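Sequential numbering from 8 applies to the sequence shown in the numbering used here.
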Amino acid sequence: MKKVSLSLLPMLLILSLLIVGCSQTGNVNVEPTQPAKVQPEEESSTKHVLLSITWWGSQTRHDYTAKLLEMYSEKYPHVTFESTPSGWDGYFDKMAAQAAGNTMPDIVQMDNLYIATYTKNNAIADLYPFVSNNTLDISDVPESMVKTGEIDGKLTGAVLSVTALTVPYNPDVFAEAGVSEPTPNWTWSEFEEAMLTIKEKTGKYGYASDVLSDTNLLTYWIRQYGKSLYSTDGTQLGYEDDQIFIDYLNMLYRLTKAGAMPTADEWMQIATTGKEARPVVTGDAGAMFEWANFGVIVESVNPDIKLAIPPYADNGKKSLWIKPGMFFSIAESSPNKEEAARFISWFINDIEANKVINAERGIPVASKVKEALKPQLTKQQKAMFEYLDLAAEHAGPVSPPEPAGSAEVTKAMADQINLVLYDKKTPEEAAADFRKAANEILARNAQN
8 MKKVSLSLLP
18 MLLILSLLIV
28 GCSQTGNVNV
38 EPTQPAKVQP
48 EEESSTKHVL
58 LSITWWGSQT
68 RHDYTAKLLE
78 MYSEKYPHVT
88 FESTPSGWDG
98 YFDKMAAQAA
108 GNTMPDIVQM
118 DNLYIATYTK
128 NNAIADLYPF
138 VSNNTLDISD
148 VPESMVKTGE
158 IDGKLTGAVL
168 SVTALTVPYN
178 PDVFAEAGVS
188 EPTPNWTWSE
198 FEEAMLTIKE
208 KTGKYGYASD
218 VLSDTNLLTY
228 WIRQYGKSLY
238 STDGTQLGYE
248 DDQIFIDYLN
258 MLYRLTKAGA
268 MPTADEWMQI
278 ATTGKEARPV
288 VTGDAGAMFE
298 WANFGVIVES
308 VNPDIKLAIP
318 PYADNGKKSL
328 WIKPGMFFSI
338 AESSPNKEEA
348 ARFISWFIND
358 IEANKVINAE
368 RGIPVASKVK
378 EALKPQLTKQ
388 QKAMFEYLDL
398 AAEHAGPVSP
408 PEPAGSAEVT
418 KAMADQINLV
428 LYDKKTPEEA
438 AADFRKAANE
448 ILARNAQN
């Protein structure tokens, strides 16, 4: 056996260090001494972290959220942000591609429509471990609201706000048409008569709202019959009688044919203008369906929008529900889950941060924050807070998160509505075809 020359030992030692360093990190990283062991809190305050974050919303939301990120970085200098604000259109299309490639931002604003799908696809992380170690403080959030972000025993969404469906209406348009303003107990018959009268008397739309891009109004309609859009297990539709959907389609058909509601093509043009330019806001329509923070969003353009309880069916059953406005979720692929959870906790609980948010995302879920905001509320914010109190009196049980495949069901619904409104199908045919398509979608997704 040959002896290794002593003169080669220093070089071999250096080479061995290089090989070990490269095999572990891809870079040479020689530390002269072992660093002292630090506690997690101490480590998080010294190690730089870049958190990526995305959300949808208006320019107002983009501006104040950017300010919030600056506030957080000033308080915690080791954290900086890479933000990607967006409008609603295309937001989840982009996120789906990111999820497929494991490139989702660390923190994502999540909607009730999609949370189950992203949970079942293991794209978003369980937050309960961060609740257990007190990184994410939700102790001031009602348990019923916390549970809205729980799917299959995992807390994959931290609820940020609560809201409810409402009918924002323009009182000037109602007055111009000689139509009485809505009461808390108005019926669908009274609603339809009011919308048709506004069209007849003013030439304006009575009802100008999007009935294609989500199932919220249909869900409300179905709940008035004591049913739900989806079954409890999310594997099929939750109502058995197709006459429920047929009646809904017939109402939309009558309003559209009378010119009291925009056609699908007209709505596509309206949708490109943003919420601040909706016909109700500009005085070109009487009413619409939206979430309770709508008045806050458009207050700078029209501070006089009012909020009404949606119409009741003749049976008087409570159809309204208090809904999570939105969530923050953490990507399963994120390497910074703990820091992301710490930021979300601050977002929910910090009073100064919420004074900047100013209830634009809906009514805050933390009770201490809600109380702290009351002295500074604007006219529309006060209206929103008062509306949610009224809505609670008219609300039934909270609807569960929408099941996996619900986005596909929404598209199937939109397809059938369009076919009816363009006289390609009867409401009866569309209702039957919707049931078949929706049940196939839900069953397929339940097996994945």
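Virtual Cβ for every residue (Gly too), placed ideally from N, Cα, C. Treat the numbers as computed from the prediction; the structure is a model and nothing was measured.
Per DSSP, residue 92 is not a residue of any alpha helix (DSSP H); the beta strand (DSSP E) it occupies stretches across 86-93. Counting only runs of 4 or more residues that sit fully inside the region 185-273, the alpha helix (DSSP H) segments are 195-209, 223-230, 250-264, in chain order. Every beta strand (DSSP E) stretch that sits fully inside the region 287-335 and reaches 3 residues is listed by chain position as 292-294, 313-315. For residue 175, the enclosing beta strand (DSSP E) covers residues 165-176.
It is roughly 19 Å from the alpha-carbon of residue 224 to the alpha-carbon of residue 122. In its chain, beyond the 5 residues on either side, 174, 176, 315 have a beta carbon closer than 7 Å to the beta carbon of residue 189. Contact between the region 435-446 and the region 408-424 is established, with three or more Cβ pairs separated by less than 8 Å.
The alpha helix (DSSP H) runs of length 4 or more contained entirely in the region 350-400 are, from start to end of the chain, 358-364, 374-380. Note on residue 217: 16 or more other CB atoms within 10 angstroms of its CB, so buried under the neighbour-count rule.
The Cβ atoms of residue 360 and residue 78 sit closer than 8 Å to each other. Counting only the Cα atoms, residue 153 lies some 37 Å from residue 196.
Straight through space, the alpha carbons of residue 288 and residue 280 are spaced by roughly 12 Å.
Annotation for residue 209: 180, 183, 184 place their beta carbon closer than 7 Å to its own, counting only its chain and skipping 5 residues before and after. Assigned with DSSP and collapsed to three states, residue 157 falls in strand. Within the same chain, 88, 90 come within 7 Å of residue 76 by CB-CB distance, once the 5 residues on both sides are set aside.
DSSP places residue 413 within a helical segment (H, G or I) once states are collapsed to three.
By the Cβ neighbour-count rule, residue 451 is exposed, with fewer than 16 other Cβ atoms within 10 Å of its own.
At the C-beta level, residue 267 and residue 213 come within 8 Å of one another.
Our two residues, residue 125 and residue 155, have alpha carbons roughly 15 Å apart in a direct line. Here residue 168 is near residue 371, since their CB atoms are less than 8 Å apart.
The straight-line gap separating the alpha-carbon atoms of residue 95 and residue 219 is approximately 14 Å.
Distance from the CA atom of residue 271 to the CA atom of residue 260, rounded to whole angstroms, is 12 Å. With respect to the C-alpha of residue 362, the residue from 383, 298, 159 having the closest C-alpha is 383.
Closest in alpha carbon position to residue 406, among 157, 376, 439, is 157.
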